[in-house]
Amino acid sequence: MQKKLYVGNLAYSTTEAELEDAFRSHGEVTSVKVVTDRDTGRPRGFAFVEMADEAGAAAAINALNETSLGGRTIQVSEARPQKERGGGGFNRGDRGGDRGGRGGGGGFGGRGGGGGRSRYDD
């Protein structure tokens, strides 16, 4: 079963080929992805490396975590599952419209907080 690894603290100049070379000696590398900023296209300083099996992934973590690559001490660990992200961008569905609340608060306008009751009501 394939195992995805997170590689952090990368130099911005680190290439996918360099990462593949570093990881290949620990097992079969099935994919490498240096993550880039979607707006600028510049590397964000981390990547994901997918190993063919768990043994290769464990060997890569043990051998490469806290070692130097491109002049920086890299962090190598198992990748965590991506969290479910809300819509993002335009048309998120929670913009505008009624935002709830109680309105005027006691008929005095402004920012009442008693929900229509005052401290003088019994």
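Just so it is clear: in the sequence shown, position 32 is 32 by the working numbering, and no numbers are missing. Yeah, the Cβ is synthetic: ideal placement off N, Cα and C, and Gly gets one too.
Please report the straight-line C-alpha distance between residue 18 and residue 81, rounded to a whole angstrom. 25 Å
Could you spell out the range, first to last residue, of the alpha helix (DSSP H) harbouring residue 19? That run of the alpha helix (DSSP H) goes 16-24.
Got a sec? Which residues, its chain only, sit under 8 Å from residue 78 by beta carbon, not counting five neighbours each side? 3, 4, 5, 6, 57 and 61
Among 28, 24 and 48, which has the Cα closest to the Cα of residue 35? 48
State the Cα-Cα distance for the pair residue 11 and residue 63, rounded to the nearest angstrom. 19 Å
DSSP three-state label for residue 41, please. coil
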